[in-house]
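Enquirer:
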Amino acid sequence: MTLTAAANRRTASDRIVFDEIGKHYVRAGDQLQVLDRCSFTVEPGEFVSVIGPSGCGKTTLLNMAAGFTAPDDGSVRVGDDVVTRPHPSRGVVFQQYAIFPWLTVARNIEFGLTLRANRRPRGERKDVVRRYLELMGLEPFASAYPKELSGGMRQRVAIARAYATDPQVLLMDEPFAALDAQTRERMQELLHETQLTERRTVLFITHSVEEAIFLSNRVVVLSARPTGVREVVDIGIPAPRSPETRLSPRFVDLRRRLEGLLRSASTDEAGARR
Ligand SMILES: Nc1ncnc2c1ncn2[C@@H]1O[C@H](COP(=O)(O)OP(=O)(O)OP(=O)(O)O)[C@@H](O)[C@H]1O
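Here the sequence shown is numbered in the UniProt record's numbering, starting from 1 and rising by one per residue.
1) Give me the Cα-Cα distance between Y25 and Q31, rounded to the nearest whole angstrom.
2) Using only the alpha-carbon positions, how far apart do T59 and G137 sit?
3) I need the boundaries of the alpha helix (DSSP H) containing M153, first residue and last residue.
4) Unbroken alpha helix (DSSP H) runs of length 4 or more, entirely within the segment 201-239: which are they?
5) Using DSSP bridges, identify the partner residues of Q33.
6) Could you check which residue in D234, E198, V42 has the C-alpha nearest to that of R255?
7) Which class does M172 belong to by DSSP, given the choice of helix, strand or coil?
8) Quick one: give me the first and last residue of the alpha helix (DSSP H) that F111 is part of.
9) Would you decide whether A6 is buried or exposed? Buried here means 16 or more other CB atoms lie within 10 Å of its CB.
10) From G45, S49, G29, pick the residue whose C-alpha is nearest to that of A212; which is it?
11) Buried or exposed for T4, going by 16 or more other Cβ atoms inside 10 Å?
12) At which residues does the beta strand (DSSP E) containing R130 begin and terminate?
13) By the three-class DSSP mapping on this structure, what secondary structure does P88 have?
14) Which residue comes first and which comes last in the beta strand (DSSP E) that contains R77?
15) Verify the contact flag: C38, CB atom, against every heavy atom of ligand 1, threshold strictly below 8 Å.
16) Is the beta carbon of G52 sitting closer than 9 Å to the one on R200?
17) Can you list, in chain order, the residues of its chain with a C-beta nearer than 7 Å to that of T206? Leave out the 5 residues immediately preceding and following it.
18) In three-state DSSP terms, what is F18?
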């Protein structure tokens, strides 16, 4: 399959379904019910962000889609498969720079393509690496090591590496949270541009309402614990989005609405604790 054909191959097998998820943890002998009948879907090729009050279970949901954590009730499905364990067909990008310090930028991007589950011939690997170095503006740093890069650059490498393996779905847990505001906005623009050409199914966790609006087709707002879906908001801002998009009336309206929803979800939680 050519690279372009791979990039355009988005089928129902790339859909993520969270179906009536329940999850509790035990802390200091007490049960903490985190998720309760939490259901939503990320459609093939769609970019969906999840926001919600602090500690409501966003990372837990992403970990379930990755296969790192099992639900107590319900299931997470990717295509026809119920997720039971990690698999290279689901790429994960974390907040911290999960790239190998002993490999160059190019080797980091290539890494996933050398693993047994995803191995590609050498010539194809070189093409893929070249493509993602270019998409992420990393060409001048191909031979650099992570310690020579800024935080934003390292996250570009992590994202390039995740897209490069052509995963069915991409799971991103606050990948820009550690970056300064200016770098963060630039990274959002870069990710948006990458997503426009690559069209993966992306589940994106963030604390930032603005980031969620800028990047997403839809935003899932979670309630306070025990957490379910409070509302799913269609963003409906045409692509390509640019820095000016952030100043548009629709963006400002959505921001106000989502911040209101988040505030009331957090207030519910404070009320429930009283
Ligand atoms: N392994 C665990 N054992 C016990 N409690 C846990 C465990 N993992 C998470 N929790 C608790 O479950 C709740 C949900 O955690 P999770 O990290 O999924 O929430 P979050 O919405 O991603 O949090 P944040 O907004 O802080 O990023 C939190 O109260 C957390 O302390």
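Where is the CB? At the ideal position from N, CA and C, for every residue including glycine.
Expert: In brief:
1) C-alpha separation (whole angstroms): 6 Å.
2) Distance between the alpha carbons of T59 and G137: 29 Å.
3) From DSSP, the alpha helix (DSSP H) with M153 extends over 151-164.
4) Taking only runs of at least 4 residues, the alpha helix (DSSP H) segments lying wholly in the segment 201-239 are 209-215.
5) DSSP lists H24 as the beta-bridge partner residues of Q33.
6) It is D234.
7) DSSP places M172 in strand when its eight states are reduced to three.
8) In the DSSP annotation of this structure, the continuous segment of the alpha helix (DSSP H) that includes F111 starts and ends at 105-111.
9) Model confidence at A6 stands at a pLDDT of 47, short of 50, so the residue's coordinates are unreliable; what they give is reported in the following sentence. Exposed: under 16 other Cβ atoms inside 10 Å.
10) The shortest C-alpha to C-alpha distance from A212 to any of G45, S49, G29 is the one to S49.
11) Low local confidence applies: a pLDDT of 46 at T4 is under 50, so the model's placement there is unreliable, with the coordinate-based value given in what follows. Exposed: under 16 other Cβ atoms inside 10 Å.
12) According to the DSSP assignment, R130 belongs to no beta strand (DSSP E) but to the alpha helix (DSSP H) extending over 122-135.
13) Correct three-state label for P88: coil.
14) In the DSSP annotation of this structure, the continuous segment of the beta strand (DSSP E) that includes R77 starts and ends at 73-78.
15) Residue side-chain check: C38 keeps its Cβ at 8 Å or more from all non-hydrogen atoms of ligand 1.
16) No.
17) Apart from sequence neighbours up to five positions away, the residues of its chain that approach T206 with a beta-carbon distance below 7 Å are S49, I51, E174, A212, ordered along the chain.
18) Assignment of F18 by DSSP, reduced to helix, strand and coil, places it in the strand class.
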